[in-house]
Every structure is written in C-alpha cells, then in structure tokens.
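Down below is the structure, laid out as structure tokens.
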Amino acid sequence: MLKFFLKRQILKNKTLIFHEAQQMQGFLFLLFKERNTESKWTREEKEQIKAYLKRLSAYVPVIILFILPGGSLMLPILAEILDRRKQRRIPDISSVPAN
Numbered sequence: 043m044l045k046f047f048l049k050r051q052i053l054k055n056k057t058l059i060f061h062e063a064q065q066m067q068g069f070l071f072l073l074f075k076e077r078n079t080e081s082k083w084t085r086e087e088k089e090q091i092k093a094y095l096k097r098l099s100a101y102v103p104v105i106i107l108f109i110l111p112g113g114s115l116m117l118p119i120l121a122e123i124l125d126r127r128k129q130r131r132i133p134d135i136s137s138v139p140a141n
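Positions in the sequence shown are counted from 1; adding 42 to them yields the numbering used here.
Structure follows, in structure tokens:
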C-alpha cells in the first residue's frame, strides 16, 4: 500500500523530480547505482543521497519519507519508480576481470 502511494505521488511529479535531479551533479548516478551495478550503496553514498533528497523534498514533499530514519530501506523503491527502463540492467560479466 505504501509502495502504491509513493509510486502515484512520485509519478505525478516525475518531470519535476528529473528536472531538479539534473541540476544535482551525480544524484541520478548514485540513485541508480544499486540497480545498474548490483553493488550496495556505502554509508557515505547513502548520506549523499539523503542530502540530495532533502533538497528535492522542498519541491516534492513525499520525498521526505526517504529522509526519515529507516527511509534508506525504501531507496530501491524510489530508484525502481524513477527508472525509465522496463527491466533491470543485466551486468556484463565479460567486462569483469578474471582473478
């Protein structure tokens, strides 16, 4: 139910979110890092994402849910909603050096 509410509110403001996100250098790269590379965010990256989201919450108040304690657990939901692709990117294992 929470995911449905978040999705509806974020999609309603998606254009504004993307416009503001483009002004924040590196935000979208960080947000989609977990989806694109299958690697987890570091503590510093989560803090940086939260700082970006704090700025975005001035324009889209529902974003404040991701800043609250425990909100980082919902970051993958935000990345999923904002991702323009229909499916997740499959990492290219041929580019990974063999040990």
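By construction, the Cβ of each residue, glycine as well, lies at the ideal position given by its N, Cα and C atoms.
Excluding the 5 residues flanking it on each side, K75 has same chain C-beta neighbours closer than 8 Å at S81, W83 and E87, in chain order. Excluding sequence positions up to five before and after V104, its CB lies within less than 6 Å of the CB of Q51, all in the same chain and listed in chain order.
In the structure shown, the three-state DSSP call for M116 is helix.
The stretch 59 to 76 and the stretch 107 to 115 do not touch, with fewer than three beta-carbon pairs separated by less than 8 Å.
Residues V104, L107, M116, I119, L120 and I123 of the same chain have their beta carbon placed closer than 8 Å to that of L48, with the five preceding and five following residues left out of the count.
Nearest in C-alpha terms to V102, of all of E89, G68, F60 and D125, is F60. Straight through space, the alpha carbons of R97 and N55 are spaced by roughly 15 Å.
In this model, A93 and R126 are separated by some 23 Å (Cα to Cα).
Going by DSSP, K56 is part of the alpha helix (DSSP H) stretching over K56 to Q65.
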